[in-house]
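K.L.:
If you scroll down you'll find the structure; I have some questions about it.
Numbering (the working numbering), first residue to last: 43 to 964.
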C-alpha cells in the first residue's frame with residue numbers, strides 16, 4: 043500500500059484521536075477485505091502496544107443493528123419456494139426450476155425496495171396496474187387463460203413479499219434488504235445502547251442506499267459517529283463528472299454538513315502519473331499483455347509486487363491471466379467472485395448428471411452409457427490422473443463401443459478404484475443418495491490433491507465451491523418433503539438453478555504478492571501500479587442490462603437506482619483506482635466486429651479529453667508477435683539412424699501405398715513409416731468410408747473363397763447372391779465390432795454395402811451368361827518380390843495385398859477394389875516421364891506394383907491390371923492403359939514393366955539418398 047493511501051491517513055487519524063480508547067472504537071468499511079489492510083497500516087504507524095479497534099464491513103454492521111442472520115442466495119431461493127408452495131397450496135404449482143427463473147429477479151426487486159425503504163404495497167400494486175393497462179384493449183370476457191394467469195402473477199406480488207418477509211423474520215434471518223429495513227427500525231435502540239466512550243467511524247464510502255443514509259445520519263446526529271469520505275476535489279467540484287455524483291448529493295443534502303466540514307477531500311488525481319492506454323485484438327490478448335507488464339516490472343528489479351494490482355473488469359479473464367503470469371511471480375492474492383459456470387468441478391458434475399440422466403432414460407435396467415460421455419468423464423483433468431483409464435479408453439475405441447452397459451464398463455476396467463466406482467455406480471433415488479454420491483466424488487478428488495501444493499490451491503477452491511452447493515441441496519431435501527423431485531432431470535434442473543448463484547472464493551495472503559481483484563473489491567484500496575483489463579463498454583461500465591421486473595420510469599419515480607447510477611458507481615471505482623496510482627495500464631479490446639467484439643470504454647475517451655497537465659498519457663496498439671514467414675515447411679535430414687530404419691523398411695517391404703504416401707508428402711511418409719506413428723483408434727459412431735470398404739472386401743472374399751481354383755458357373759453366383767445379406771451382416775459385426783448397425787446412418791451404410799456386393803455379383807453373372815470364362819487364382823492374398831538395381835544402395839522388397847487375381851478368357855487380370863468413384867482417365871498413361879512426381883498417378887503406380895509382384899507367376903500368359911470401382915460399376919473393369927499414338931494398350935508387357943521400374947527405382951533411390959531430406963509438401 044502507498045504511504046499516502048486513504049487507509050494510511052485513516053490509521054494516522056485513529057491513532058491521533060482514539061489511541062487511548064481504541065477498544066471502544068468501531069470502524070465500518072465498505073468491504074471485509076479492507077480490514078486486513080487497515081490493521082496493517084495501524085501496525086506500521088505505531089511503535090507502542092494498543093488494542094485494535096473493531097473493524098467490520100457495512101453489511102456486518104447493519105446485521106448487528108438488526109440482530110438478524112443473513113441468508114445466502116441459495117438458502118433464500120429455497121425458502122422462497124417453500125413460501126410459494128404454501129401460498130398455492132390448493133392450486134397448480136410450478137416446479138422449482140421454472141419457479142427459480144422468475145424468483146431470482148423478483149428477490150432482487152424485493153431487496154431494492156427494502157434497501158431504499160419504499161412502501162412495498164404501493165410499488166408492487168403500481169406494477170400490477172401497469173400490467174393491467176398493458177391489456178386494457180382486451181375486455182374481461184375476451185381474456186384468455188394465459189392473460190389471466192399473467193395478471194394473477196402480478197396481483198400476487200404483494201402476497202409473495204409479505205409472506206416471505208414474515209416467514210424469514212419469524213426465523214430471525216433474512217436477505218440484505220430485509221435486514222436493512224429492520225436495522226432502520228432498530229437504530230434508535232442501537233444508538234441508545236452505546237456508551238459515552240463508544241464511537242463509530244464510517245470510512246471510504248461512496249454510493250449509499252436510503253437505509254444506510256438514514257442509519258449513518260442518525261448516528262451523526264447523536265454524535266456517535268464520524269464519517270471520512272475519500273473523494274478527490276477534481277471529481278467533487280466538477281458537476282458534470284459522474285465519479286462525484288453521489289458525494290455531491292450527500293454534501294449538499296445532509297443536514298450534518300450544513301454546519302460541519304466535509305472530510306476528506308483530496309487533491310491527488312492531478313498529480314504526476316504515467317497512463318498507458320493499450321488496445322489489442324480479442325480478450326485473450328489482454329491476458330498476454332498483463333503477463334508482459336508484470337515481467338517488465340520484475341526485470342526492472344521490482345520483485346515485490348504487493349503494490350501492483352491487476353483489476354479484472356471481466357471475471358472470465360481470470361484463468362487466462364493466471365496462465366499468462368511469469369514464473370517469477372511467487373505469491374499472489376485473488377479477491378474476486380468467479381462464476382461457477384466455468385468452474386472445472388462444476389463442469390464435471392454437469393457431465394456426470396448428463397451421463398447418468400441419459401443412461402437412465404435409455405435403459406434403466408442395463409444402465410447403458412454413451413461412449414462420448416464416458417470418454418469426457420474419463421479424460422476430465424480432475425479425474426484422469428486418479429483413475430488411470432488409458433487402457434479402458436483404448437479398449438472402448440478399439441472395440442468400437444458406441445453404447446456400453448455399466449456391467450461391461452466395469453469388466454473392461456477390471457481394477458479396484460474407489461473413484462471409478464463412485465463415478466459409474468448407478469444413480470438411485472431419493473435425491474439425497476445421488477447428492478451423497480457427488481459429495482463423495484468431490485471429497486475423494488480433493489484427497490488426491492497435494493495439500494502443500496500452491497498450484498492446487500485454485501483447484502481446491504473450485505471443488506469446495508461446488509461441494510458447498512451440493513451440501514446445501516442435501517440439507518434442503520432433508521428438511522423438505524418435495525414430491526416433485528422424482529427424477530434425475532428435475533434434480534439436475536434444480537442444481538443448474540442454484541449453481542448459478544454460487545461463486546468461487548479463493549484463499550490468499552492479502553498483504554503479500556501480486557493482487558488480482560474485481561472492480562468492486564478495489565474499494566478503499568490504493569496501489570502504486572494499477573493494471574485494468576477489459577476497459578470496454580459493457581464491462582467498465584457494465585452497461586444498461588437491468589435484471590428487474592421494475593420498469594425504468596418506475597425506478598426513476600421512486601428513487602431506485604437505474605443504469606445511470608450504476609454507471610456513476612463504476613466511474614467512481616475507476617477514477618478511485620487512478621487517484622493515487624503512479625503507473626496505470628488501461629487495456630481494452632479494440633475489435634469492433636465479429637465474435638468477441640467490443641467498444642472502447644467512455645472512461646478512456648474521458649481521459650483523452652480531460653488530459654491533466656501532469657498526466658503522461660501514451661496510446662499503444664499491441665500486435666501479437668507474428669513470424670515473417672507464415673509457415674516454415676518441415677524438413678528432416680536423413681541421419682544414420684534414419685538410414686538404418688529405411689534399410690529395415692526395405693527388408694520388410696515397401697507397399698504400393700507407402701510409395702504413393704511419399705509422393706503425396708515425404709514428411710507424412712517419415713511420420714508413418716520411419717517413426718511408425720499411427721493414428722489413434724477412435725470410436726466410429728458412423729461407419730467411415732475405409733471401414734465400409736473393408737466390409738465389402740471381406741464379404742466378397744468369403745463369398746468367393748469356395749470358388750478359388752475352378753471355373754465359376756452361373757449357379758455359383760446365384761448361390762452367392764442368396765448369402766449376401768447374411769455374410770454382409772457377419773462382416774459388419776467382425777469389422778465394426780460393437781458398433782450400432784440397426785438404425786440411423788449405419789443402417790443405411792449396411793444397406794449400401796449389401797447393394798454394392800449384389801450389384802457386383804449381378805455384373806459377374808451377366809459376364810458369365812454372355813460367355814466369359816472366369817477362374818479365381820487368389821483373393822486378398824499377399825505377394826512380394828525383391829527389387830534389385832545398381833542405383834539402389836540395397837535391395838528393396840515390394841509387397842502388398844492383392845484383392846483379386848483371376849484368369850479370364852485366357853488372360854491374367856489383377857483387380858483392385860475401390861469403394862470410391864474411379865474413372866478410366868485415372869488409369870491411362872500418356873508418357874512415362876514424371877510418373878512418380880505427380881500424385882494423380884497414384885492408382886497407376888499401385889496397380890503396376892501389383893503386376894510387378896505377380897509377374898514371376900505369369901508362365902507366359904498375358905496380364906492386365908486395373909480397378910473395379912463400386913461407385914462406377916457400369917464402367918466395369920478399368921484396366922491400366924498406355925496411349926501410343928492412337929493405340930491404347932492394356933496388356934502389361936515387359937516393355938511396360940521396364941519403363942515402370944525405371945520410374946520406381948528413381949523414386950526409391952530418392953527415398954534412400956541420405957543427401958535428400960524428407961521435406962514437407964503443402
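Backbone N, C-alpha and C fix where the C-beta goes; we use that ideal spot for every residue, glycine too.
Pick from 80, 219, 77, 573: whose alpha carbon is nearest that of residue 626?
P.N.:
Just measuring C-alpha positions, the residue of 80, 219, 77, 573 sitting nearest residue 626 is 573.
K.L.:
Please classify residue 931: does DSSP put it in a helix, a strand, or coil?
P.N.:
strand
K.L.:
Using a threshold of 8 Å, state whether the C-beta atoms of residue 631 and residue 578 are closer than that.
P.N.:
yes
K.L.:
State the DSSP-derived secondary structure class of residue 748, mapped to helix, strand or coil.
P.N.:
helix
K.L.:
Could you tell me which residues DSSP pairs with residue 147 in its beta bridges?
P.N.:
In the DSSP output, where bridge partners are listed per residue, residue 147 has none listed.
K.L.:
What's the gap between the Cα of residue 373 and the Cα of residue 480?
P.N.:
33 Å
K.L.:
In terms of alpha-carbon separation, which member of 839, 329, 290 lies closest to residue 558?
P.N.:
Of the listed residues, the one whose Cα sits closest to residue 558 is 329.
K.L.:
In or out: residue 43 buried (at least 16 other Cβ within 10 Å) or exposed?
P.N.:
Reliability of the predicted coordinates at residue 43 is poor, the pLDDT of 45 falling under 50, and no value is obtained from them.
K.L.:
On the CB-based measure, 16 or more other CB atoms within 10 Å of its CB, does residue 643 come out buried or exposed?
P.N.:
buried
K.L.:
Classify residue 194 as helix, strand or coil using the three-state DSSP reduction.
P.N.:
Three-state result, residue 194: helix.
K.L.:
Tell me whether the beta-carbon of residue 848 lies closer than 8 Å to the beta-carbon of residue 818.
P.N.:
yes
K.L.:
Using three-state DSSP, classify residue 24 as helix, strand or coil.
P.N.:
Look at the range of the chain in this structure, 43 to 964, and you will see that residue 24 is not part of it.
K.L.:
Going by C-alpha to C-alpha distance, which of 932, 854, 867 sits closest to residue 902?
P.N.:
Ranking 932, 854, 867 by Cα distance to residue 902 puts 854 first.
K.L.:
Just to check, is the beta-carbon of residue 487 closer than 7 Å to a non-hydrogen atom of the ligand PLP?
P.N.:
Among the components of this structure there are no ligands whatsoever, and the ligand PLP is therefore not found.
K.L.:
Going by C-alpha to C-alpha distance, which of 800, 221, 816, 387 sits closest to residue 846?
P.N.:
816
K.L.:
One question on the structure: do residue 691 and residue 715 come within less than 8 Å of each other, judged by their Cβ atoms?
P.N.:
yes
K.L.:
Can you tell me the Cβ-Cβ gap for residue 356 and residue 382, rounded? I've got them flagged as a contact below 8 Å.
P.N.:
Not really, about 16 Å apart at Cβ, beyond 8 Å.
K.L.:
Could you say which of 650, 337, 962, 851 lies nearest to residue 674 if we only look at CA atoms?
P.N.:
962
K.L.:
Could you name the residues of the same chain whose beta carbon sits closer than 6 Å to that of residue 807, not counting the 5 residues immediately before and after it, in chain order?
P.N.:
Same-chain partners within the cutoff: 759.
K.L.:
Use the C-beta contact count for residue 661: other C-beta atoms within 10 angstroms, 16 or more gives buried, fewer gives exposed.
P.N.:
Here residue 661 is exposed, its C-beta having fewer than 16 other C-beta atoms within 10 Å.
K.L.:
Which of helix, strand or coil does DSSP assign to residue 110?
P.N.:
coil
K.L.:
With 16 as the cutoff for other CB atoms within 10 Å, does residue 677 come out buried or exposed?
P.N.:
exposed
K.L.:
Just to confirm, is the Cβ distance from residue 658 to residue 164 under 8 Å?
P.N.:
no
K.L.:
Helix, strand or coil for residue 694? Go by DSSP, reduced to three states.
P.N.:
Three-state DSSP puts residue 694 in a helix.
K.L.:
Taking DSSP's pairing of strands, which residues face residue 921 in a bridge?
P.N.:
Secondary-structure assignment with DSSP links residue 921 through a beta bridge to 908.
K.L.:
Rounded to a whole number of angstroms, what is the C-alpha to C-alpha distance between residue 336 and residue 51?
P.N.:
28 Å
K.L.:
Tell me where the alpha helix (DSSP H) around residue 360 begins and ends.
P.N.:
360-366
K.L.:
Select from 696, 102, 365, 371 the residue whose C-alpha is nearest the C-alpha of residue 344.
P.N.:
371
K.L.:
Can you name, in chain order, every residue of its own chain whose Cβ lies under 6 Å from the Cβ of residue 232, other than the five neighbours on each side?
P.N.:
107
K.L.:
May I ask you to report which of helix, strand or coil DSSP gives residue 842?
P.N.:
strand
K.L.:
Find out if the Cβ-Cβ distance for the pair residue 830, residue 840 is shorter than 8 Å.
P.N.:
no
K.L.:
By the three-class DSSP mapping on this structure, what secondary structure does residue 481 have?
P.N.:
helix
K.L.:
Suppose you measure from the CA of residue 525 to the CA of residue 257; what does that come to, to the nearest Å?
P.N.:
Residue placement at residue 525 cannot be trusted, given a pLDDT of 48 that sits under 50; the coordinates are not used to answer.
K.L.:
Going straight from the alpha carbon of residue 596 to that of residue 151, what length do you get?
P.N.:
12 Å
K.L.:
Where does residue 350 sit, in a helix, a strand or coil, going by DSSP?
P.N.:
It is a strand residue.
K.L.:
Can you name, in chain order, every residue of its own chain whose Cβ lies under 6 Å from the Cβ of residue 740, other than the five neighbours on each side?
P.N.:
773
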